[in-house]
Every structure is written in structure tokens, then in C-alpha cells.
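Residue numbers (my numbering): 12 to 167.
By construction, the Cβ of each residue, glycine as well, lies at the ideal position given by its N, Cα and C atoms.
Here is the structure we will look at, set down as C-alpha cells.
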Amino acid sequence: MRHPNVELISRFYRAFQQLDAETMATCYAEDVRFGDPVFEDLRGAAAADMWRMLTARAQDFSLTFDRVQADDRQGSARWVARYRFGQTGRRVVNPIEAHFLFRDGKIIEHHDSFDLWRWSRQALGLKGWVLGWAPPVQQAIRRQALKGLAQFRATR
């Protein structure tokens, strides 16, 4: 029998494969903390709303996941998202390492790591190739993403 937290992670990613952000949100504790290279520190409902926004805007999307492991306290997985970036229409393949902490059968911390420069080269094209490594450009990517999330949340 697999560990319940392995099942929790698997449920989260199976829901993501179906663009089912509501099921994804049920895997999170109310006080969850999420971070990745773009959304560095989201807490609570903001983290769930980020997934709602991303799934609602997904274009030509697919996801695979593997290497799921977990115990009572922590877990990890590898996942790969394939999609068309809405602002440029460019195709992105983004491999991501995810790390989780658990409490009472819910995810309380979720941290994704990926190469933001690699992502920017795919999503932004020439600008990403030339400047995507630069801190000011990466900060601009973060600001734009947070602005998009704030706009999404304002319409909910």
C-alpha cells in the first residue's frame, strides 16, 4: 500500500492533468505556502488562486509526473508541463522539481524549482535568450505574473 501522502501528491497532479484547480486546492491546507522562481511566496488562498488562474488560461496543455515519494512529513515529485505561453504563443516544456511538507493529510508547503532562464528562452524568444538570465528581466517576469494574479483574483 502506498503512503497516503504519495496518494495526495498523485491526486494533486492528476487533477492538474485535467485542469481541475478545485481538486488541486483541496489538497492544500488553508494556510499553505507556495513558492517557485516566478511566484516566490504565495500564501493561503493566493496559492490556490494561482492554480485556478493557470488552469483557466492553459493553452495546448499537457502534464506528466513521476518520482513521487513521501512520508508523514515531506515529499517530492518531478513534473513536466507542456503548454503554449499565452502572451507570445510560444511553446514551453518546463521540467520542475517539487518539494512538499504535510500536516493532517494536507500540503502545508509546496516549493517548485525550475530554471527561469530556460523558461524565459522558450516563452519569450529572443528577449529571453539575450536577457532572461538578468535579474531585472526576471524581476519583470515576476511583477507581470503577480499583476496577472491580482487581476484574476479581483474578478473572482
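_Please classify residue 140 as buried or exposed, where buried requires at least 16 other C-beta atoms within 10 Å of its C-beta._
Here residue 140 refers to the residue found at position 129 of the sequence shown. The residue in question, residue 140, is exposed, as its Cβ has fewer than 16 Cβ neighbours within 10 Å.
_Quick check: residue 35 and residue 160, are their CB atoms within less than 9 Å of each other?_
Translated into positions along the sequence shown, residue 35 becomes position 24. Translated into positions along the sequence shown, residue 160 becomes position 149. Not closer than 9 Å, so no.
*Three-state secondary structure assigned by DSSP to residue 146*: One-based indexing of the sequence shown puts residue 146 at position 135. It is helical.
*Based on Cα-Cα distance, which residue from 146, 49 and 99 lies nearest to residue 137?*
Position 126 of the sequence shown, counting from 1, holds the residue named residue 137. Ranking 146, 49 and 99 by Cα distance to residue 137 puts 99 first.
*Taking only the alpha-carbon atoms, compute the straight-line gap between residue 75 and residue 134 and give it to the nearest angstrom.*
Start at 1 with the first residue of the sequence shown, and residue 75 comes out as number 64. Start at 1 with the first residue of the sequence shown, and residue 134 comes out as number 123. Distance between the alpha carbons of residue 75 and residue 134 is about 19 Å.
*Determine which residues share a DSSP beta bridge with residue 89 and list them.*
For this step, residue 89 is matched to residue 78 along the sequence shown. The partner list for residue 89 (beta bridge, DSSP) reads 77 and 108.
_Does the contact criterion of 3 or more C-beta pairs under 8 Å hold for the stretch 49-68 versus the stretch 83-90?_
no
*To which residues of the same chain is residue 107 closer than 6 Å at the C-beta, ignoring the five residues directly before and after it?*
Here residue 107 corresponds to residue number 96 of the sequence shown, with the count starting at 1. Around residue 107: 90, 123 and 125.
*For residue 17, three-class secondary structure by DSSP*: The sequence position of residue 17 within the sequence shown is 6, counting from 1. Helix, per DSSP.
*Exposed or buried, residue 154, counting other C-beta atoms within 10 Å across all chains shown (16 or more means buried)?*
In the sequence shown, residue 154 corresponds to position 143, counting from 1. With fewer than 16 other Cβ atoms within 10 Å, it is exposed.
*asked:* If contacts are defined as beta-carbon pairs under 8 Å, then residue 156 and residue 49 qualify, I think. What distance do you get, rounded to the angstrom?
replied: For this step, residue 156 is matched to residue 145 along the sequence shown. For this step, residue 49 is matched to residue 38 along the sequence shown. So it is a contact: roughly 5 Å between Cβ atoms.
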